Amino acid sequence: MRLDPLGILLRDRPARTTAAGAALALALTVIAGGGTAGSAEAAAAAAPAPAATPAPVPAGSPQSAAATGQALPGKTTTSTVTLLTGDRFRVETAEDGTQRVNLLPDARDTAGGTFSQLNLGPDTYVVPSEAVPYLGRTIDMRLFNVSYLVRAKLDDEHSKTLPVKVRATGAKAEGLPATSVSATADGVARAKVTKKDAGRLGRLLARQWRGAGSGATGTLPGVERIELAVPKGAPEPPAVPTGASAKAAASGVRFHRLTVDAIGRDGKPGVMFGAVSNVTDGKLASFPAAFAFPGEGRKSFMVPEGTYSIMAGVFAGPDSDLSTQMALVSKPEVRVSAATTVVLDARGAVPYQVNLETPPQKDLQRLDAFTFVRTSAAGDQTGVAPADLPWGLLWRTISYHMNGNPGISATPTQPVTTGRFDFLGMTSLVEGEVSGPEMGSTYELLFPYGGAVPASMTHTIKASDLTTVHSSLTDEPSDEPSPGPLNRLSYAFLPWGWTDFGYGGNPAAGERTDYLYSSRPDQVIWQSAVGPDRGDRLHGPRRQIRPGQVIREVWNRGPEVPSAAATYVQRPQHGINGTPNTQIDAPMAQVCAACRQGNLGMVYLLPSGDSDPLHFAEPGWQSSKLAFYRDGKPAFGTGVIFDYAPEPESLPLLPRPADYRLTWTTTQEATPDAKGTTEWTFRSGPQDAAANLPKDVQCADPSLPCSFLPLLFVHWDLALDHESRAAAGQPFDVGFRVSSQQHQAAPAGVAATVEVSYDGGETWSEPQAATRKADGTFAAPITHPDYAEAVRWVSLRVKAHDAGGSTVTQTNIRAYRLIGS
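Below you can see the structure in the form of C-alpha cells.
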C-alpha cells in the first residue's frame with residue numbers, strides 16, 4: 001500500500017468468536033471511553049532515567065497471523081443486544097450456528113472501552129470491563145450471554161428491558177440506576193432494567209470498582225447479587241458456569257487495576273494513543289486501541305494478573321494537532337501483580353534522523369516512519385506492522401510533507417524475555433516532486449533494529465552502501481495518449497513482516513534510477529514491482545541485495561505472454577474491510593510452475609510476463625480461456641473466465657507416456673483488442689526424470705516426488721520506444737527468447753520461425769526462420785510497411801520447438817504500434 005497523503009485508510013475489525021473450551025479465554029476488542037490529560041504532574045517532577053544501550057537481538061521466527069473476522073457461511077440473521085451495562089452489540093448468527101459479535105459504532109463502554117469475549121459450549125459471552133470484577137460474585141454471568149439473550153427474545157427487536165432478580169433490600173434494588181422493581185419477596189426483588197438508560201448502571205459499576213479498596217472490588221454496597229430472570233416461555237438457559245468451567249476459571253484469575261499516565265516531551269502531562277496487551281497470551285487481555293483518538297490522558301483498566309506490554313504515541317497536545325511534539329514510548333514488559341501505575345515518559349525519547357552523506361542536487365522530500373510489533377508468547381500482536389502504515393498516522397509515528405515533517409522519536413528499550421518485540425525505522429526520500437512525471441530518484445532506506453529500540457537512531461548513508469536500480473518503464477501500445485505508469489515500488493520482506501513503504505507514484509515512462517538500502521541486508525528480501533499505464537501490476541523476482549550492487553530492470557517491454565516464473569507461495573496483499581494483511585514468513589518459497597506428480601499435472605501459470613521471463617502479474621482485470629488435450633482428444637476446458645489464471649490448475653494425465661496439448665488465451669480488460677494465445681505441446685510419462693528443485697521450491701504435494709512438464713516459453717525482446725512503438729517503413733528485428741520454466745534446465749536444440757500480421761491476425765506472412773544469437777536470444781528481420789491507418793498495428797507469432805519434441809506457438813494480436821516518419 002502506498003501511503004495516501006490525502007487521508008487515512010481505516011478498517012473495521014469485527015470481533016470474532018473463538019473456541020475456548022472450559023477456560024476463560026478473553027479476546028478483548030474495540031476501545032472507547034474517556035480519559036483526560038492533567039494527571040501526571042507528580043510523575044513529571046522526576047527526570048527520566050538514562051536508558052542503557054540494548055544488546056543487539058538477532059531476528060528469530062516470524063510472527064504468527066492474527067485472527068480477524070470473515071464472512072459467515074450461508075444465510076445469517078442479525079439481532080441487536082443491549083447488555084445490563086448499556087453496551088450495545090450486533091449479533092450475526094449463521095444457519096450452522098456460527099456467530100459473530102460486533103460493538104455497534106454508536107456504543108461507548110463507560111469504563112474504558114474494553115470487552116471480554118469468550119465461548120462456553122455453543123454460546124458467546126461478551127463482558128464489558130466494568131462488569132469483569134463482579135462476575136460470579138455479584139453479577140450473574142448469563143446476563144452477558146448474548147447468544148441466549150437472542151434465543152430468549154431479549155434482544156432489542158423483542159424487548160426494551162432486561163428482566164433481573166436482585167438479592168438486596170427493596171430500597172437498594174430500587175436505588176439501582178435504570179432499574180424498576182415489580183415485586184419483592186424474601187429479600188429478592190423482581191425487576192427490569194430499562195435498556196435505554198442502562199448506561200447509568202454501567203457507569204455505577206465502573207465508579208464502584210475504581211473507587212473500591214482491594215477487599216471491596218467486585219461488590220455493590222447493599223446488593224448481594226443480580227441474576228437473570230428467565231421470562232415465561234423462554235428456552236431453558238444454560239447453567240450458571242460452575243466447577244471447572246468459566247466461573248471457576250474466573251474466580252482463579254486475579255484482576256488488578258492497571259493505570260497508565262503520560263508525560264510529554266515538554267515535561268507536561270501528555271495524551272496517548274496506543275495499545276496494552278498481555279505478553280503471555282493476548283486472549284487474556286489485549287487492547288489494540290487502549291487510548292482513543294485524538295488521544296487520552298490518565299486511564300485505568302481492570303486486567304488479569306500477568307505481564308503486559310504498553311506502547312503509545314505520547315503527545316504534548318491532541319493527536320489531531322500535527323504541530324504538537326510526539327514520541328513513541330514503549331514499556332514492552334510490565335509486571336502487574338497488584339494495583340499498578342505506569343507513567344509513559346516521553347522526555348527520554350531519542351530522535352530518528354537519516355541523511356545521505358552525498359545528497360543530490362535537487363531538494364529531497366522525506367517520509368520517515370516507525371513500525372513496531374509486540375507479539376505475545378501465544379502469537380497475538382499489537383502495534384503497527386510494516387504493512388499497516390496507515391495506522392501509524394494515528395500513532396503519529398509517520399513524518400512526511402503533509403504533516404509538516406515534525407520528525408519522529410522513541411524511547412529506548414531493553415530486549416524482551418517473553419514473546420517478541422520487533423522495531424523498524426523506515427525512510428523514503430525522493431528528489432523533486434513526491435509523485436508524477438517530475439518525480440526524480442527515490443531512496444528506500446530500512447533500519448531493522450531487532451528486538452529493542454536502540455539508544456541512538458542517527459544514520460548517515462554513504463553512496464557506496466546504496467544499491468542502484470536502473471529501470472526502463474514502457475507504456476502499453478495504444479492509439480490514445482497514455483497517462484504513464486501508475487507506480488514503481490519495492491516490496492521489502494523482513495522476518496516479522498513486509499512493507500511496500502515509500503514514494504513512487506505516477507513516474508514518467510522511460511529511464512530512471514532509484515536506490516535501496518538496509519542496515520541489515522541479511523534480514524531483508526526485496527522485490528520490485530511496476531504498475532503499467534494499463535493492465536495488472538507487474539512483479540519481479542525476490543532477492544537479497546548487496547551494498548554497491550547495480551541492478552538493471554526492463555518493465556512492460558513487448559506484448560504480454562505467460563511468465564516462466566515459479567509461483568511464490570506467499571504474496572503481499574493488503575486487507576480490505578477488516579480482512580487481515582497477508583502474513584509472509586517464507587518469502588522465497590515457490591511452487592513449481594508446471595510439474596507432474598503421479599497422474600496429475602499441476603500448473604501454477606501466471607499472466608502478463610514481459611521481456612523478462614521472471615516478471616509476472618497477479619490474476620486481475622483479464623479474461624482467460626484454457627483447453628487441455630490428451631493424445632489429440634479434449635480432456636478439460638474452462639471456457640472464458642474473468643479474473644482467472646491457471647494457478648493452480650489440475651491437468652488429468654494418463655498413466656503412460658502420452659502427448660499433450662495445452663492452450664491459454666488471455667485478454668486484458670484495459671486492452672481488449674490485444675489478445676494473446678499460447679499453445680504448448682509436450683510429451684510426459686510417469687517415469688520422467690525427477691525435477692531437481694532448489695530447497696525453497698516444492699511441488700504441489702511436497703511429500704511426493706515430481707517431474708517437470710516440458711513447457712517452452714516465449715518472451716519478446718523488441719526494440720520499441722517507451723510507448724511500445726516502432727518506425728513504419730523501416731527494417732526491424734523481431735527479437736525473442738525461448739526458455740524453460742524457472743528452475744528447469746534450458747531447452748536444447750531450439751529452432752523457431754516468425755510470422756507477422758498487419759490486419760489483426762486475419763492474414764499472416766510466410767514463416768521466416770529466426771537466427772539464434774550469441775546471447776541465446778533469437779531474431780528474425782522484417783521490414784515494416786509505410787504508415788497507414790489500416791496497417792498501424794503489428795501482430796506477431798512465433799513457433800518454436802526443442803530437441804525433445806516440445807513445441808510452443810505464441811501469438812500476440814496488436815503486439816505493438818507503428819508510427820510514421
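Residue numbering for the sequence shown follows UniProt numbering, beginning at 1 and increasing consecutively.
The C-beta atom is built at its ideal place from N, Cα and C for all residues, glycine as well.
Keep in mind the model is a prediction, meaning the values are calculated, not measured.
Apart from the 5 residues on each side of it in sequence, residue 166 sits with its Cβ closer than 6 Å to the Cβ of 173, 189, 191 and 226 in its chain, given in chain order. Using a Cβ distance threshold of 8 Å, residue 781 and residue 733 count as a contacting pair.
Judged by beta-carbon spacing, residue 588 lies within the 8 Å limit of residue 525, meaning their Cβ atoms are closer than that value. Per the Cβ contact rule, the stretch 429 to 439 is not in contact with the stretch 457 to 475 (fewer than 3 Cβ pairs under 8 Å).
Within the stretch 339 to 380, the runs of beta strand (DSSP E) at least 3 residues long that lie entirely inside it are, in chain order, 340 to 345, 350 to 356 and 364 to 375. Residue environment: residue 667 is assigned as buried (16 or more neighbouring CB atoms within 10 Å of its CB, all protein chains considered). DSSP places residue 395 in the helix class (H, G or I) of the three-state scheme. By the CB criterion at 8 Å, residue 285 and residue 205 fall outside the cutoff. Bridge pairing for residue 304: 255 [DSSP]. Under the DSSP assignment, residue 149 falls in the alpha helix (DSSP H) whose first and last residues are 146 to 151.
Apart from the 5 residues on each side of it in sequence, residue 305 sits with its Cβ closer than 8 Å to the Cβ of 253, 254, 255, 256, 336 and 337 in its chain, given in chain order. By the Cβ test, the stretch 461 to 470 is not in contact with the stretch 401 to 418, since fewer than three Cβ pairs between them sit closer than 8 Å. For the set 134, 148 and 122, the Cα lying nearest the Cα of residue 79 is the one of 148. Excluding five sequence positions before and after residue 355, the CB atoms of its chain that fall closer than 6 Å to its own CB belong to 460, given in chain order. Take residue 486, set aside five residues on each side of it, and the residues of its chain with a beta-carbon closer than 6 Å to its own are 531, in chain order.
Nearest C-alpha to residue 663 among 673, 655, 656 and 645: 645.
Of the residues assessed, residue 742 falls on the buried side of the cut-off, its CB having 16 or more other CB atoms within 10 angstroms. Only buried fits residue 509, as 16 or more other CB atoms lie within 10 angstroms of its CB.
If you ignore the 5 residues before and after residue 683, its C-beta comes within less than 8 Å of the C-beta of 657, 658, 659, 660, 710, 804, 805 and 806, all in its own chain and listed in chain order. DSSP places residue 664 inside the beta strand (DSSP E), whose first and last residues are 658 to 668.
Approximately 7 Å separates the beta-carbon atoms of residue 388 and residue 581; this is inside 8 Å, confirming the contact. Exposed is the label assigned to residue 819, since fewer than 16 other Cβ atoms lie within 10 Å of its Cβ. Along the stretch 438 to 499, the beta strand (DSSP E) occurs as fully enclosed runs of 3 or more residues at 439 to 450, 457 to 461, 467 to 473, 487 to 494 and 497 to 499, listed in sequence order. Three or more beta-carbon pairs drawn from the stretch 589 to 602 and the stretch 696 to 708 are found closer than 8 Å, and the two stretches are therefore classed as touching. Residue 641 sits exposed, since fewer than 16 C-beta atoms from the chains shown fall within 10 Å of its C-beta.
Per DSSP, residue 722 lies in no beta strand (DSSP E) segment and is marked neither H nor E.
A Cβ-Cβ separation of about 5 Å places residue 603 in contact with residue 649 under the 8 Å criterion.
The three-state secondary structure of residue 536, taken from DSSP, is coil. Excluding five sequence positions before and after residue 677, the CB atoms of its chain that fall closer than 6 Å to its own CB belong to 665 and 811, given in chain order. Burial is judged here by how many other beta carbons sit within 10 angstroms of a residue's own beta carbon; residue 277 has at least 16 and is buried.
Counting along the chain, residue 716 sits inside the beta strand (DSSP E) bounded by residues 713 to 716.
Every beta strand (DSSP E) stretch that sits fully inside the stretch 414 to 439 and reaches 3 residues is listed by chain position as 420 to 432.
If you draw a straight line from the Cα of residue 736 to the Cα of residue 778, it is about 5 Å long. Between residue 409 and residue 327, the beta carbon gap of about 5 Å places them in contact (Cβ cut-off 8 Å). Short of 7 Å from the beta carbon of residue 163, and not among the five residues preceding or following it, lie these beta carbons of its own chain, in chain order: 192, 229 and 231. A distance below 7 Å between beta-carbons, with the five flanking residues on each side excluded, links residue 714 to the following residues of its chain, in chain order: 561, 736, 738, 798, 800, 808 and 810.
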